[in-house]
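The numbering of the sequence shown is numbering that gives the first Met the number 0, which starts it at 0 and goes up by one.
Inspection log for the structure reproduced underneath, given as structure tokens.
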Amino acid sequence: MIEASAPSNIALIKYMGKVDSQSNIPSNASLSFTLEKLRTTVTLEKIKNVADQWSPLTGNDFYNLQLSEKGVQKFLNHFARLKKEFAIDGYYQVKSANNFPSDAGLASSASSFAALTEATYLLKKSTHADFTKSKTELAALSRMGSGSSCRSFFSPWSTWDDRGAREAHIPIKNLIHRAFIYETSAKKVSSSEAHQRVVMSPLFKEDENGISRIDRAEIRLKNLLLAFSENNWRLAFEICWQEFWDMHELFHTCDPSFTYLTDEVCHVLKQMKEKWDREGRGPLITLDAGPNVHCLFREEDADLVGAWEKEFAPGSKKS
Ligand code: PMV
0 MIEASAPSNI ALIKYMGKVD SQSNIPSNAS LSFTLEKLRT TVTLEKIKNV
50 ADQWSPLTGN DFYNLQLSEK GVQKFLNHFA RLKKEFAIDG YYQVKSANNF
100 PSDAGLASSA SSFAALTEAT YLLKKSTHAD FTKSKTELAA LSRMGSGSSC
150 RSFFSPWSTW DDRGAREAHI PIKNLIHRAF IYETSAKKVS SSEAHQRVVM
200 SPLFKEDENG ISRIDRAEIR LKNLLLAFSE NNWRLAFEIC WQEFWDMHEL
250 FHTCDPSFTY LTDEVCHVLK QMKEKWDREG RGPLITLDAG PNVHCLFREE
300 DADLVGAWEK EFAPGSKKS
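Take a look at the structure:
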């Protein structure tokens, strides 16, 4: 039996919008922090069957994972693509599970697809030891299943643009991640659907300054890297703050528009911003395509974590 695991990641500069939806080519470059402690494990075992099967992996370290029929199909389609690419015959029992609750609003598609890609590579290597693929090649294959999964191959920082995914060299490492989970029900608009809809927002073409979404993301990425290199944490916070609002504004202004924001999240974001302004210190704050808030604290701000948890967490997930 083959086993592999891979981490999730949280984007600070978001991948939102695709130039090619078949192969998940992003409209703009993105930057993420890898969440080493939030992982998916995948096992592969050969079966005498006429089709690959998926079932949840069970064990003390795992939360019970339920995939929809569509979710299973997407996962097994990616496995079939990898088997073809690596010339692997036969059919397999594919099992997967996360070490974090899948209903906790934490993106698990990045870690799931990265772990499946890694496991299938190890499966090939188990019989062909000299078969070699670089991390960059594996990331590119994983991207075909889930775009954001390609960033999970690099740590602690990962960037992804039209040249592919690779490690981003940022002097600030060892960030402390907390996800504040306000909503655990399934998303009404999937991220695949969001990618398709955002390009219909007038703000995708240009904002009030005549700058396109693609350029806004590129400019922010450049400025964020500069802020990190100059250790300007406050500026890094401001850039991340503007970036997630930009993505959510695209959701609010496309046609048909939609929102992931709830009254509670809006209230919490306001309180968090006021706390930051009042205290002059705090974490990077970002939202993904969902109503949950991700905070990244510097090691030197570790003393703030407890107070932020106390103030904002209705069931926070430590990682
Ligand atoms: O990989 P997908 O198709 O689930 O897209 C993820 C998109 C965001 O999570 C909203 C942003 C990102 O860059 O991860």
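Beta carbons are placed, not taken as given, at the ideal position from N, Cα and C, and that holds for glycine.
In this text the structure is predicted, and so the values were computed from the model without any measurement.
(message) Three Cβ pairs or more, each shorter than 8 Å: is that satisfied between the region 167 to 174 and the region 33 to 43?
(response) no
(message) For chain D, check one thing: does any of its Cβ atoms lie closer than 7 Å to the Cβ of tyrosine 91?
(response) Annotation note: the requested chain D is absent from the structure, which comprises a single protein chain.
(message) By the DSSP assignment, the beta strand (DSSP E) with aspartate 19 in it spans what residues?
(response) 17 to 19
(request) Since I believe lysine 124 is in contact with threonine 42 (beta carbons under 8 Å), could you give me their beta-carbon distance rounded to a whole number of angstroms? (result) Threonine 42 to lysine 124, Cβ: 15 Å. No contact.
(message) Rounding to the nearest angstrom, what Cα-Cα distance links valine 71 and alanine 114 in this structure?
(response) Their Cα atoms are separated by approximately 15 Å.
(request) Return yes when at least one heavy atom of the ligand PMV lies under 6 Å from the C-beta of tyrosine 91, else no. (result) no
(message) For phenylalanine 296 and leucine 64, what's the separation of their Cα atoms in angstroms?
(response) 29 Å
(message) Quick check on isoleucine 284: does DSSP put it in helix, strand or coil?
(response) strand
(request) Can you tell me which of Met246, Met0, Glu205 and Val267 puts its alpha carbon nearest to the alpha carbon of threonine 119? (result) Met0
(request) State the Cα-Cα distance for the pair phenylalanine 152 and glycine 209, rounded to the nearest angstrom. (result) The straight-line gap from Cα to Cα measures roughly 35 Å.
(request) Measure the C-alpha to C-alpha separation of proline 25 and asparagine 59 and round it to an integer number of angstroms. (result) Cα atoms of proline 25 and asparagine 59: separation of roughly 37 Å, rounded to the nearest angstrom.
(request) Below 6 Å CB to CB, which residues in the same chain sit around glutamate 44 once its five sequence neighbours on both sides are set aside? (result) Met0 and Gln92
(request) Would you mind stating whether threonine 33 and serine 154 have Cβ atoms separated by less than 7 Å? (result) yes
(message) Which of the three DSSP states is assigned to alanine 50 in this structure?
(response) coil
(request) Go through the residues and name those whose CB comes closer than 5 Å to any heavy atom of the ligand PMV, in chain order. (result) Ala10, Lys13, Tyr14, Ser29, Ser108, Ser145, Gly146, Ser147, Ser190, Asp287 and Ala288
(message) Taking the alpha-carbon of glutamate 205 as reference, which of Phe227, Tyr90, Tyr62 and Leu249 has the nearest alpha-carbon?
(response) Leu249
(message) Helix, strand or coil, according to DSSP, for threonine 135 in the structure here?
(response) helix
(message) Spatial neighbours of alanine 301 within its chain, please: C-beta separation below 8 Å, excluding the five flanking residues on both sides.
(response) Ile175
(request) Would you identify the three-state DSSP class for alanine 178, choosing helix, strand or coil? (result) strand
(message) With distance defined between alpha-carbon atoms, name the residue in Phe179, Thr158, Arg150 and Leu81 nearest to leucine 140.
(response) Leu81
(request) Look at alanine 235 and alanine 226 and say whether their C-beta atoms are less than 7 Å apart. (result) yes
(request) May I ask which residues mark the beginning and end of the beta strand (DSSP E) holding glycine 163? (result) 163 to 166
(request) State the Cα-Cα distance for the pair leucine 178 and asparagine 8, rounded to the nearest angstrom. (result) According to the sequence displayed, residue 178 carries alanine and not leucine. Taking the straight line joining both Cα atoms gives about 12 Å.
(request) Can you tell me the Cβ-Cβ gap for glutamate 242 and arginine 219, rounded? I've got them flagged as a contact below 8 Å. (result) 5 Å
(request) Determine the burial state of alanine 138: buried for a count of at least 16 other Cβ atoms within 10 Å of its Cβ, exposed for fewer. (result) When all chains shown are included, alanine 138 counts as buried.
(request) Run the CB neighbour count on serine 20, radius 10 Å, all protein chains shown included, and call it buried at 16 or more, exposed below. (result) exposed
(request) Please classify lysine 45: does DSSP put it in a helix, a strand, or coil? (result) strand
(message) So tyrosine 90 and aspartate 51 are supposed to be a Cβ contact under 8 Å. How far apart are they, rounded?
(response) That belief holds up - the Cβ atoms of tyrosine 90 and aspartate 51 are roughly 5 Å apart, short of 8 Å.
(message) Give me, in chain order, the residues of the same chain whose beta-carbon lies closer than 7 Å to that of tryptophan 240; leave out the 5 immediate sequence neighbours on both sides.
(response) Ile284
(request) Quick one: give me the first and last residue of the alpha helix (DSSP H) that lysine 187 is part of. (result) Note, lysine 187: premise wrong, no alpha helix (DSSP H); not H, not E.
(message) Taking the beta carbon of asparagine 97 as the centre, do at least 16 other beta carbons fall within 10 Å, making it buried, or is it exposed?
(response) buried
(request) Return the CA-CA distance between alanine 306 and aspartate 88, expressed in angstroms with no decimal places. (result) 54 Å
(request) Assign histidine 293 to one of two classes, buried (16 or more other C-beta atoms within 10 Å of its C-beta) or exposed (fewer than that). (result) Buried, since its Cβ has 16 or more Cβ neighbours within 10 Å.
(request) Check asparagine 222 in the structure and name its three-state DSSP category. (result) helix
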